[in-house]
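Visitor: Before I ask anything, here is the structure I am working with.
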Amino acid sequence: MKKVAVIMGSDSDLPVVKGAITRLKQFDVPFEVHVMSAHRTPAAAEAFAKSAEEQGFGVIIAAAGKAAHLGGVLAAYTTLPVIGLPIKSSFMDGLDSLLSIVQMPTGIPVATVGVGAADNAGILAVQMLAINDAELSAKLRAYKQKMADEVMAKDAKIQNETFE
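Printed below as a string of structure tokens:
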């Protein structure tokens, strides 16, 4: 199975990124976590992205705040799918990060989840890997069925409510 790279622009992003790590573990997807900066270590980010596929990665999650260029820099140097995870910053509650990631130039796409939506970044990475992995796809179907069952159970409980 291919691995997922979880790259953070700063170690201060780890509390948010843990949501993606939890989801990857839930689906038994191998991963590595690294800190790289698009601005402070651009050569390291370039080298990582250029070699990611040969290192066995299938997807890259790039978590960054403020200018949030990490996902775009990584995407510029690889053909692997890159998922941008905007991190809430002190400016504009993360809207600046979201817009920096989602507004990529033609030819350098970065799939983008919501601000701080690490769980969705992890699940999206699993879905991408599941395209060519029947076992992983079955795990995703079971996960989604469990979510649906939980909603239906909540609905049944509400239907029994008298609302007095």
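In this text, residue positions in the sequence shown follow our numbering: the first is 126, and each later residue adds one.
Quick reminder that beta carbons are idealized off the backbone N, C-alpha and C, glycines included.
#1: M253 lies in the alpha helix (DSSP H); which residues open and close that run?
#2: Is E157 helix, strand or coil by DSSP?
#3: Could you pull the start and end residues of the alpha helix (DSSP H) that I226 belongs to?
#4: Classify L224 as buried or exposed, calling it buried when 16 or more other Cβ atoms lie within 10 Å of its own Cβ.
#5: For a test of the three-state rule: what should DSSP assign to I132, helix, strand or coil?
#6: Label S176 either buried or exposed according to how many other C-beta atoms from any shown protein chain fall within 10 Å of its C-beta, with 16 as the threshold for buried.
#7: So F182 is in the alpha helix (DSSP H); what residue range does that whole segment cover?
#8: Let's test the definition: count the other Cβ atoms within 10 Å of the Cβ of T237 and tell me whether it reaches 16, buried, or not, exposed.
#9: Buried or exposed, going by whether 16 or more other CB atoms sit within 10 Å of the CB of R148?
#10: Buried or exposed: A259, going by 16 or more other Cβ atoms within 10 Å of its Cβ?
#11: Distance, Cα to Cα, D244 vs V184?
#12: Could you tell me how far apart the beta carbons of A242 and L210 are, in whole angstroms, since I believe they sit closer than 8 Å?
#13: Since A188 and V141 should fall inside the 8 Å C-beta cutoff, what is the C-beta to C-beta distance between them, to a whole number of angstroms?
Guide: According to the structure data:
#1: Position 128 of the sequence shown, counted from the start, is the residue given in the question as residue 253. Where M253 is concerned, the enclosing alpha helix (DSSP H) stretches over A243 to A255.
#2: The count along the sequence shown starts at 1 and reaches residue 157 at position 32. Residue state, collapsed to three classes: strand.
#3: What you label residue 226 is simply residue 101 of the sequence shown in a count that begins at 1. Segment L220 to V227, the alpha helix (DSSP H) holding I226.
#4: Along the sequence shown, one-based indexing puts residue 224 at 99. Exposed.
#5: The count along the sequence shown starts at 1 and reaches residue 132 at position 7. In this structure, I132 counts as strand in the three-state DSSP scheme.
#6: What you label residue 176 is simply residue 51 of the sequence shown in a count that begins at 1. Answer is exposed; the Cβ neighbour count stays below 16.
#7: Indexing the sequence shown from 1 puts residue 182 at position 57. Careful: F182 lies outside any alpha helix (DSSP H), inside the beta strand (DSSP E) at F182 to G190.
#8: The count along the sequence shown starts at 1 and reaches residue 237 at position 112. So T237 ends up on the buried side.
#9: Translated into the one-based positions of the sequence shown, residue 148 becomes position 23. It is buried - the Cβ of R148 has at least 16 other Cβ atoms within 10 Å.
#10: Position 134 of the sequence shown, counted from the start, is the residue given in the question as residue 259. Looking at its Cβ environment, which holds fewer than 16 other Cβ atoms inside 10 Å, A259 is exposed.
#11: Start at 1 with the first residue of the sequence shown, and residue 244 comes out as number 119. Start at 1 with the first residue of the sequence shown, and residue 184 comes out as number 59. Whole-angstrom Cα-Cα distance: 15 Å.
#12: Along the sequence shown, read from residue 1 onward, the residue named residue 242 stands at position 117. Along the sequence shown, read from residue 1 onward, the residue named residue 210 stands at position 85. Contact holds; Cβ gap of about 7 Å.
#13: By 1-based counting over the sequence shown, the position of residue 188 is 63. By 1-based counting over the sequence shown, the position of residue 141 is 16. Right, their Cβ atoms sit about 7 Å apart.
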